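Line by line, the protein sequences give chains A and B.
Here our numbering runs 426 ahead of the position in the first sequence, where the first position is 1.
Here our numbering runs 14 ahead of the position in the second sequence, where the first position is 1.
Below is one structure, written out as structure tokens; the observations come after it.
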Amino acid sequence: MARAISTKRKAINTVAAWSLGFLIFFPILWIAILSFKTEIDAIKGPLDVLSAIWTTESYSAVQERSDYLKHFTNSVIIALGSTLLGLIIAVPAAWAMAFVPARRTKDVLMWMLSTKMLPPVGVLIPIYLIFRDTGLLDTRIGLVLVLMLINLPIIIWMLYTYFREIPGEILEAARMDGASLGKEVLYILTPMAIPGMASTVLLNIILAWNEAFWTLNLTAAKAAPLTAFIASYSSPEGLFYAKLSAASIMAIAPILIMGWFSQKQLVRGLTFGAVK
Amino acid sequence: MATLHSRASARLMLSPAVLLLLAWMIIPLCLTVYFSFLRYNLLMPGEETFTGWTNYYFFITDPSFKDAIINTLTLLGGVLLITVVGGILFALLLDQPMWGQGIVRIMVIAPFFVMPTVSALVWKNMFMNPVNGVFAHIALALGLQPYDFLSQIPWASIIWIVSWQWLPFATLILLTALQSLDQEQLEAAEMDGASWLNRFWFIMLPHLSRAITVVVLIQTIFLLSVFAEILVTTNGGPGTATTNLTYLIYVQSLLQYDVGAGSAGGVIAIILANIVAIFLMRMIGKNLDA
Numbered sequence: 427m428a429r430a431i432s433t434k435r436k437a438i439n440t441v442a443a444w445s446l447g448f449l450i451f452f453p454i455l456w457i458a459i460l461s462f463k464t465e466i467d468a469i470k471g472p473l474d475v476l477s478a479i480w481t482t483e484s485y486s487a488v489q490e491r492s493d494y495l496k497h498f499t500n501s502v503i504i505a506l507g508s509t510l511l512g513l514i515i516a517v518p519a520a521w522a523m524a525f526v527p528a529r530r531t532k533d534v535l536m537w538m539l540s541t542k543m544l545p546p547v548g549v550l551i552p553i554y555l556i557f558r559d560t561g562l563l564d565t566r567i568g569l570v571l572v573l574m575l576i577n578l579p580i581i582i583w584m585l586y587t588y589f590r591e592i593p594g595e596i597l598e599a600a601r602m603d604g605a606s607l608g609k610e611v612l613y614i615l616t617p618m619a620i621p622g623m624a625s626t627v628l629l630n631i632i633l634a635w636n637e638a639f640w641t642l643n644l645t646a647a648k649a650a651p652l653t654a655f656i657a658s659y660s661s662p663e664g665l666f667y668a669k670l671s672a673a674s675i676m677a678i679a680p681i682l683i684m685g686w687f688s689q690k691q692l693v694r695g696l697t698f699g700a701v702k
Numbered sequence: 015m016a017t018l019h020s021r022a023s024a025r026l027m028l029s030p031a032v033l034l035l036l037a038w039m040i041i042p043l044c045l046t047v048y049f050s051f052l053r054y055n056l057l058m059p060g061e062e063t064f065t066g067w068t069n070y071y072f073f074i075t076d077p078s079f080k081d082a083i084i085n086t087l088t089l090l091g092g093v094l095l096i097t098v099v100g101g102i103l104f105a106l107l108l109d110q111p112m113w114g115q116g117i118v119r120i121m122v123i124a125p126f127f128v129m130p131t132v133s134a135l136v137w138k139n140m141f142m143n144p145v146n147g148v149f150a151h152i153a154l155a156l157g158l159q160p161y162d163f164l165s166q167i168p169w170a171s172i173i174w175i176v177s178w179q180w181l182p183f184a185t186l187i188l189l190t191a192l193q194s195l196d197q198e199q200l201e202a203a204e205m206d207g208a209s210w211l212n213r214f215w216f217i218m219l220p221h222l223s224r225a226i227t228v229v230v231l232i233q234t235i236f237l238l239s240v241f242a243e244i245l246v247t248t249n250g251g252p253g254t255a256t257t258n259l260t261y262l263i264y265v266q267s268l269l270q271y272d273v274g275a276g277s278a279g280g281v282i283a284i285i286l287a288n289i290v291a292i293f294l295m296r297m298i299g300k301n302l303d304a
């Protein structure tokens, strides 16, 4: 039985929670506002900024720096590419562990989780040198490979927890009726697994898009994604607040929107299924 | 029952992932260990010689090593403290009945989706800048002297920026866990006269322990490797004030081209991460079995 909550208490909760949410969200809101101001107005005090005229000139300025589009394309290719490649490798692995569990399946899963514990800086030098010698340095394919590998344990874990929820009896029944492995996967497993796979893809794109250790260290001019593009604003261009704001908003908007839609799945993916 | 045939095909399906992860772990790891025993500078190619433990000695006795270790651990401790305590408080608040809860959730979770380079630059320029930042404007309006956060208290400022990125994560996970708590249990306790504090301490906190463990574990993985935030705000300075182990190794190997010493640092970073990992995996294992 739900208790009746007094309206007064609900009002207090609402005010407190909204103030808190506003404070946490404020930096993002603030750059969204600054991005629509002129450079001269953007460095003024908060009240002067709000009353200043609105303009989209910063967005056109960032666009005109022709490299924005290049970095955006790099981000898209790297995020989608690493996700797709990861999925191709992870789906069979997760399927096998979920439906044909062996004695050591749990150990394998824990081991995969433990590979995430390897600090990237511990393997930075060999990867850097291997990439230099094989010509993978500053290429999109190189980053696709690295980001696929660092996120692979998360993809496998997440898919595993989703696949586990598909009742095995259905597969057995299909097998009894003479369905081949291929048919089993195509007609039974795929439709039931699509929601889980969609959330996995979404989370992985978010992680790959925001990854900022390997993308900063393994790229220079050609393959740099948006993380590196924004880093190039660190000085002295960072003092152009309106342009920095516009560039930042253009870099985070796609992921922000995707993230808002995938909050629930995010919890599950990031906790390796431990919290649902 | 799984047949022999399906076991074989399952092994076949699992092997690409296992082999790839194995290669990704073993090959670079062995190379890092190997390089750490060489005198190896990228500026002097072809002159690699075996030097034993010299690189380790050099790396550990470097005064910046001690600073880097202290910074790495204070960042870990500071951010974990802020995000776990803050996350519990925020989750408790957001779990209360209110109007527009969905919108508040969206606002609170947003920073987690902002890429590290953006959040670091936004805080550095738009907020902490002593001339044009929001904080400086507020200080002036109140008749106070603007404070130069990143040069006066650089490491605390970076802990703040990183906490802002991770607080939403902790809040979201703890809130999800809190919402799965059985309301009737709470009501029963209340009827039996348990105070709010007692209900929190004896019912809610034990229920959250698993989620807290997960939050600590996952944040630790990422916090030991904080890099981009330092690169775009302070470059590790002033001095070594904002250099953590990750950043020190980056400077040593990719800026000073000393692969040998950088690799020795890499091995130390791996050992440090493993100590933390063993400790945490044991904790999480206990919690997951329960």
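The C-beta atom is built at its ideal place from N, Cα and C for all residues, glycine as well.
As the structure is a prediction and not an experimental result, all values here were calculated from the model.
Return the first residue and the last residue of the alpha helix (DSSP H) that A:Gly622 is part of.
Thr616 to Asn636
Apart from the five residues just before and just after A:Gln489, which ones in its own chain have a Cβ nearer than 6 Å to its Cβ?
none
Under 7 Å Cβ to Cβ from A:Leu562, same chain only, skipping five residues before and after it: list those, please.
Gly568
Just tell me which of A:Thr697, A:Tyr554 and A:Phe589 has its CA closest to the CA of B:Tyr264.
A:Tyr554
Note down, in chain order, each residue of its chain lying with its Cβ closer than 6 Å to the Cβ of B:Met15, except the 5 sequence neighbours on either side.
Model confidence at B:Met15 stands at a pLDDT of 46, short of 50, so the residue's coordinates are unreliable; what they give is reported in the following sentence. Closer than 6 Å at the Cβ level, and outside the excluded window around B:Met15, lies no residue.
If I'm right that A:Asn439 touches B:Met295 with Cβ under 8 Å, what's the distance once you round it to whole angstroms?
Not quite, the Cβ-Cβ distance comes to about 38 Å (not below 8 Å), so this is no contact.
Does B:Met27 have its Cβ less than 8 Å from a Cβ in chain A?
yes
In chain B, what lies closer than 9 Å to A:Ala672 by C-beta?
None at all; the shortest Cβ gap to chain B is about 12 Å.
Please report how far the alpha carbon of A:Ala442 lies from the alpha carbon of A:Ser484, in whole angstroms.
Taking the straight line from one Cα to the other gives about 35 Å.
Quick one: is A:Gly685 near chain B, going by C-beta distance under 8 Å?
yes
Do you know offhand how far B:Gln110's Cα is from A:Lys436's?
Between the alpha carbons of B:Gln110 and A:Lys436 lies a distance of about 8 Å.
Quick one: is B:Ala304 near chain A, going by C-beta distance under 8 Å?
Note that B:Ala304 scores a pLDDT of 43, beneath 50, so its modelled location is shaky and nothing firm can be said.
Quick one: which chain B residues come within Cβ less than 9 Å of A:Trp444?
Met112, Trp113, Gly114, Ile117, Val118 and Met121
Helix, strand or coil for B:Arg213, going by three-state DSSP, please let me know.
helix
Which residue wins for smallest C-alpha separation from B:Gln199, given the options B:His221, B:Ile187 and B:Leu188?
B:His221
Short of 9 Å Cβ to Cβ, which residues in the segment 609 to 626 of chain A face chain B?
none
What are the boundary residues of the alpha helix (DSSP H) that includes A:Gly568?
Arg566 to Arg590
When you compare the CB of A:Met543 with every CB in chain B, is at least one pair closer than 8 Å?
yes
Alpha carbon to alpha carbon, how far is B:Ser223 from B:Ala304? Give it in angstroms, no decimals.
Because B:Ala304 carries a pLDDT of 43, less than 50, the predicted location of this residue cannot be relied on, and the following value inherits that uncertainty. One C-alpha to the other measures close to 11 Å.
Give the secondary structure of B:Leu52 by DSSP, where H, G and I count as helix, E and B as strand, and everything else as coil.
strand
Check each residue of the segment 635 to 669 of chain A: if its Cβ is closer than 8 Å to any Cβ of chain B, include it; give the result in chain order.
Trp635, Asn636, Ala638, Phe639, Leu642, Asn643, Leu652, Thr653, Ala654, Ile656, Ala657, Tyr659, Ser660, Gly664, Leu665 and Tyr667
Within 10 angstroms of its Cβ, does A:Pro546 collect 16 or more other Cβ (buried), or is it exposed?
Per the 10 Å Cβ criterion, buried.
Let's see if you can read the secondary structure: which residues bound the alpha helix (DSSP H) around B:Ser267?
It is not in any alpha helix (DSSP H) - B:Ser267 carries neither H nor E in the DSSP assignment.
If you draw a straight line from the alpha carbon of A:Ser688 to that of A:Pro621, how long is it in whole angstroms?
11 Å
Locate the alpha helix (DSSP H) running through B:Gln110, then write down its first and last residues.
No alpha helix (DSSP H) contains B:Gln110, which DSSP labels as neither H nor E.
Is the number of C-beta pairs between the segment 171 to 184 of chain B and the segment 203 to 215 of chain B that are closer than 8 Å three or more?
no
Along the alpha helix (DSSP H) that carries B:Ala71, what are the first and last residues, could you check?
For the record, residue 71 of chain B in the displayed sequence is Tyr; it is not Ala. Note, B:Tyr71: alpha helix (DSSP H), Thr68 to Thr75.
Just curious, the alpha helix (DSSP H) that B:Pro125 is in, first and last residue?
Here B:Pro125 belongs to no alpha helix (DSSP H), and DSSP marks it neither H nor E.
Hey, could you find the ends of the alpha helix (DSSP H) A:Arg601 is sitting in?
Segment Gly594 to Met602, the alpha helix (DSSP H) holding A:Arg601.
I'd like the ranges of any alpha helix (DSSP H) spanning at least 4 consecutive residues and lying wholly in the segment 196 to 250 of chain B.
197 to 205, 210 to 213, 219 to 237 and 242 to 247
Are B:Ile208 and B:Phe72 touching if we call contact CB-CB under 8 Å?
Note that residue 208 of chain B is Ala in the sequence shown, not Ile. Not closer than 8 Å, so no.
Between which two residues does the alpha helix (DSSP H) containing A:Thr499 stretch?
Asp493 to Phe525
Verify the CB distance criterion: does B:Ile289 have a CB-CB separation below 8 Å to chain A?
no
Go ahead and pull the three-state DSSP assignment for A:Thr531.
helix
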